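Counting from -4, one number per residue, gives the positions in the sequence shown under my numbering. Notes to accompany the following structure.
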Amino acid sequence: MSKFGSIQSMIMEILGSGSDVTMAFLMSGKSTRALFRNYRTLRSSRTAQKIRQSVAALEKRRLVNMREKNGESHIILTDEGKRRLLKYDLDHMHLARQKNWDGKWHIVIFDIPEKYGKARRALSWKIRQMGAFSMQKSVFIYPFFWRDEIDFVTEFFHVSPYVRYIEAFQVEGEKDLCRHFDLPPLKDG
């Protein structure tokens, strides 16, 4: 995650997966070997200290809270931490390309009110950045299924009531779209 050290990123990702994490778990040798297998931090005798410092830094940023429960310290993701994780997921989201194309076009259209203009512009930018093609200002097309990604992005920007997802077997300008997406030309039939 940007602006996080590797240990902080791992802690945030573990918490984001819905796991209930305790300090005791993070400090155990078994967990550190499993969690930080690919990091040089394990080779250091100061791994536990680094974990404590990372948790403290996340707590200082108000991304996690520490709670005592049954004599154990639990690390809990705050609402701000959850928001930051969502933003991280959004920043790294790209549309998947399947091996074979089924001939369907997946189209997203929206009519977002002007009072949500900033969200509309952010949505358009993000859809383009993910790899969809802009047919018009508020019409985007992609040759593969991307409903899950659109649902996520529109929920993030709070504009889902204004967005529609369409699947079509034919669209005007298919030859150009096939060229744009590096797809085999469609057979006339």
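Yeah, the Cβ is synthetic: ideal placement off N, Cα and C, and Gly gets one too. Computed from a predicted model, the values in this text were never measured in an experiment.
Which listed residue (the options) has its alpha carbon closest to that of residue i
{"i": "ASP97", "options": "ALA91, PHE140, SER133 and PHE135", "result": "PHE140"}
{"i": "VAL166", "options": "VAL134, ARG159 and GLN124", "result": "VAL134"}
{"i": "GLY112", "options": "MET125, ARG78 and PHE152", "result": "PHE152"}
{"i": "ALA117", "options": "ALA91, VAL154, ARG92 and ILE102", "result": "VAL154"}
{"i": "THR73", "options": "PRO180, LEU58 and ARG47", "result": "LEU58"}
{"i": "ASP146", "options": "PRO138, GLY76, ALA52 and LYS121", "result": "LYS121"}
{"i": "LEU68", "options": "LEU80, PRO179 and GLU54", "result": "Note that residue 68 corresponds to Ser in the displayed sequence, not to Leu. SER68 has its Cα closest to that of GLU54, out of LEU80, PRO179 and GLU54."}
Span separating the alpha-carbon of residue i from that of residue j
{"i": "LYS94", "j": "LEU172", "result": "17 angstroms"}
{"i": "GLU109", "j": "GLY66", "result": "52 angstroms"}
{"i": "ARG62", "j": "VAL50", "result": "12 angstroms"}
{"i": "PRO156", "j": "PHE128", "result": "22 angstroms"}
{"i": "VAL148", "j": "GLN131", "result": "19 angstroms"}
{"i": "PHE164", "j": "ASP84", "result": "31 angstroms"}
{"i": "GLU150", "j": "GLU144", "result": "10 angstroms"}
{"i": "ARG78", "j": "LYS182", "result": "46 angstroms"}
{"i": "ALA114", "j": "GLN124", "result": "15 angstroms"}
{"i": "HIS89", "j": "VAL103", "result": "15 angstroms"}
{"i": "ALA52", "j": "LYS64", "result": "21 angstroms"}
{"i": "LYS25", "j": "ASP86", "result": "Residue confidence is low: LYS25 scores 46 on pLDDT, short of 50, so the model does not pin down where it sits. Its coordinate-derived value is still stated next. Roughly 32 angstroms between the two C-alpha positions."}
{"i": "ARG92", "j": "ILE107", "result": "28 angstroms"}
{"i": "LEU80", "j": "ASN60", "result": "15 angstroms"}
{"i": "SER119", "j": "ILE6", "result": "32 angstroms"}
{"i": "VAL158", "j": "GLY126", "result": "18 angstroms"}
Opposing strand residues paired with residue i [DSSP bridges]
{"i": "LYS64", "result": "GLU67"}
{"i": "TRP100", "result": "ALA163"}
{"i": "GLN131", "result": "VAL134"}
{"i": "LEU72", "result": "VAL59"}
Buried/exposed call for residue i, threshold 16 Cβ in 10 Å
{"i": "TRP100", "result": "buried"}
{"i": "LYS45", "result": "buried"}
{"i": "GLY168", "result": "exposed"}
{"i": "ILE71", "result": "exposed"}
{"i": "THR27", "result": "Note that THR27 has pLDDT 46, beneath the 50 cutoff, so the model's placement of it is unreliable and no number is given."}
Cβ-Cβ distance between residue i and residue j below 9 angstroms
{"i": "TYR160", "j": "ARG142", "result": "yes"}
{"i": "PHE176", "j": "TYR137", "result": "yes"}
{"i": "LYS170", "j": "PRO179", "result": "no"}
{"i": "ARG56", "j": "GLU75", "result": "yes"}
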